[in-house]
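Participant:
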Amino acid sequence: MVLHLDMDYFFAQVEERENPRFKGVPLVVGADPKKGKGRGVVSTCNYEARKFGIHSGMAISKAYEACPEAIYLPVNMELYSRVSENIFRIIEKVSEKYEKVSLDEAYIDLSGLAENYKQAERIGCDLKKLIFKKEKLTCSVGIGENKMIAKIASEEDKPDGLKVVKAGDALKFISQKSIREIPGIGPKTEKKLGIILGKSGLKIKDLRAISKKQLVDVLGKRGEEIYKNVRGEDDSEIDLKTKTKSIGKEITFDQDTLDPEKIISTFKNLSQRVAGMAKTEERPIKTVVVTCRFENFNTYSRQVSFKPRKPTKGLIYKKGAKLLLKLLAKKLKPVRLLGIRVIFDESDKE
Ligand code: TTP
Ligand code: MG
Ligand code: MG
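The sequence shown begins at 5 in our numbering and counts up by one.
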């Protein structure tokens, strides 16, 4: 048995908690909308804002168009990382056998913890209560016989949901769901499958009509997995305690710029923020990667590796700036986007 947990509208919910007057009104976390002229995207929004069609990844200008009266907040990653750490500490108390998927999402291996679905449900219920008690945040939990079923189950009653899908009910449970609920089926795969069956808006049960051979012909190796997935099966393992491999941050300028002062001060600021985030991992870094996108959208990355060291602002900035300056001197074009990323040392891997 597997339990999947995902925090509800995570960044936005944390902001609501920090400032209750954001509750009950549309709240969007992401780039500055600049009265509709902003260039970035929506990170997430609360459910009130979702009623206006706003969602993660949408252009912030589109979101503003849909709901100019919403409250727009910048991404405060340091805050969300801190909250995320607290949540994972609570999860760890329930079980050491978990996989961290993202800041707000985890799979927990229930084998050895629960003997039946009733016990599993209690564990899910307790975990939700614990998180709410300690962090005043809601999450949604799904329980199933494998990762895929657990994940689809956790989506079922969001927000603040708890859904248990017993082994015998899994097939029926997924039948009427969109094929997009299967992890890894995105718009491209959906389109290819739509062509095979000659229709759109495919449900999971529709895919059961496609032979394994045909799925493999169209999708390659992934076709074999999908053949199993649509039958409720999923052999993917819980990847226990995957450590964060890297942390980075990038920024798109409001206007492409060649101004050295602006570029350097922005880069310094980015380095500082990345250092702040990297520090919370309490592990040394071994590589710094710099990314630069120019006005023509050509994007270049340069990296440097060194003996593992503490991720201080000074180190990250010094290593990064050298790479950046080399790149800028060579290209001499206005800059659209700057990014910096650090890669952690993994030689201490268990
Ligand atoms: P999700 O769990 O996908 O979304 P969510 O928690 O905001 O909403 P839901 O209730 O549907 O789970 O992502 C977790 C956080 O990751 C989200 O709060 C913000 C961030 N995020 C982005 O910054 N950009 C993205 O495109 C997505 C999908 C998420
Ligand atoms: Mg979430
Ligand atoms: Mg998530």
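Beta carbons are placed, not taken as given, at the ideal position from N, Cα and C, and that holds for glycine.
1. Can you confirm whether the segment 158 to 169 touches the segment 112 to 128 when touching is taken to mean that 3 or more C-beta pairs between the two stretches lie within less than 8 Å?
2. So, for residue 136: in the same chain, excluding its five sequence neighbours on each side, which residues have a beta-carbon less than 7 Å away from its beta-carbon?
3. Using 8 Å as the cut-off, classify the Cβ of residue 13 as near or not near the heavy atoms of ligand 2, replying yes or no.
4. Taking the alpha helix (DSSP H) that residue 404 belongs to, which residues open and close that run?
5. Of all residues in the structure, which have a C-beta closer than 6 Å to any heavy atom of ligand 3, taken in chain order?
6. Go ahead and label residue 150 buried or exposed: buried means 16 or more other beta carbons lie within 10 angstroms of its beta carbon, across all protein chains shown.
7. Please find out if some non-hydrogen atom of ligand 1 comes closer than 8 Å to the beta-carbon of residue 154.
8. Going by DSSP, name the residue or residues bridged to residue 9.
9. In chain order, what residues of the same chain have a beta carbon less than 7 Å from the beta carbon of residue 274, not counting five sequence neighbours either side?
10. Just verifying my parser: in three-state terms, what is the DSSP assignment at residue 298?
11. From residue 82 to residue 215, what distance separates their C-alpha atoms?
12. Just mark residue 29 as buried or exposed, buried being the case when its beta carbon has 16 or more other beta carbons within 10 Å.
13. In angstroms, rounded to a whole number, what distance separates the CA positions of residue 267 and residue 261?
14. On the DSSP letters alone, give me the boundaries of the alpha helix (DSSP H) that residue 158 sits inside.
15. For ligand 1, is there a heavy atom less than 8 Å away from the beta-carbon of residue 45?
16. Comparing C-alpha positions only, which one of 210, 94 and 188 sits nearest to residue 223?
17. Should residue 144 be listed as close to ligand 1, given that the test is whether its C-beta is under 8 Å from any heavy atom?
18. In the DSSP assignment, the alpha helix (DSSP H) including residue 312 goes from what residue to what residue?
19. Starting from residue 252, trace the beta strand (DSSP E) in both directions and tell me its first and last residue.
20. If contacts are defined as beta-carbon pairs under 8 Å, then residue 271 and residue 328 qualify, I think. What distance do you get, rounded to the angstrom?
21. Alpha carbon to alpha carbon, what distance is there between residue 299 and residue 221?
22. In three-state DSSP terms, what is residue 217?
23. To the nearest angstrom, how far is it from the Cα of residue 198 to the Cα of residue 27?
24. Evaluate residue 351 with the Cβ neighbour count: other Cβ atoms within 10 Å of its Cβ, from every protein chain shown; 16 or more gives buried, anything less gives exposed.
25. What does the Cβ neighbour count give for residue 244, buried or exposed, with the cut at 16 atoms within 10 Å?
26. Among the candidates 145, 68 and 251, whose CA atom is the shortest distance from the CA of residue 95?
27. DSSP on residue 74, reduced to helix/strand/coil?
28. Please find out if some non-hydrogen atom of ligand 1 comes closer than 8 Å to the beta-carbon of residue 163.
29. State yes or no: is the C-beta of residue 252 nearer than 8 Å to some heavy atom of ligand 1?
30. Inspect the beta-carbon positions of residue 46 and residue 34 and report whether they are closer than 9 Å.
31. Find the nearest neighbour of residue 74 within the set 86, 97, 305 and 48, judged by alpha-carbon distance.
32. Beta strand (DSSP E) containing residue 98: first to last residue?
33. Does the distance between the C-beta of residue 16 and the nearest non-hydrogen atom of ligand 1 fall short of 8 Å?
34. Taking residue 116 and residue 178 to be in contact with their CB atoms under 8 Å, please state how far apart those CB atoms are, rounded to whole angstroms.
35. Going by the beta-carbon positions, is the gap between residue 279 and residue 315 smaller than 9 Å?
Facilitator: Looking at the coordinates:
1. yes
2. 142
3. yes
4. Past the boundaries of the shown model lies residue 404; the chain is included only from 5 to 354, so the question cannot be answered.
5. These are the residues, in chain order, with a beta carbon less than 6 Å from any non-hydrogen atom of ligand 3: 10, 106, 108 and 109.
6. buried
7. Residue 154 has its CB no nearer than 8 Å to any heavy atom of ligand 1.
8. 110 and 145
9. 253, 255, 342 and 344
10. strand
11. 48 Å
12. exposed
13. 8 Å
14. 151 to 160
15. yes
16. 188
17. Yes, the beta carbon of residue 144 sits closer than 8 Å to at least one heavy atom of ligand 1.
18. Element bounds for residue 312: not the alpha helix (DSSP H) but the beta strand (DSSP E), 303 to 313.
19. 250 to 261
20. 6 Å
21. 40 Å
22. helix
23. 40 Å
24. exposed
25. Residue environment for residue 244: exposed (fewer than 16 other C-beta atoms within 10 angstroms of its C-beta).
26. 145
27. coil
28. yes
29. no
30. yes
31. 48
32. No beta strand (DSSP E) holds residue 98; the alpha helix (DSSP H) holding it covers 81 to 98.
33. yes
34. Actually they do not touch by this definition, with Cβ atoms about 26 Å apart.
35. yes
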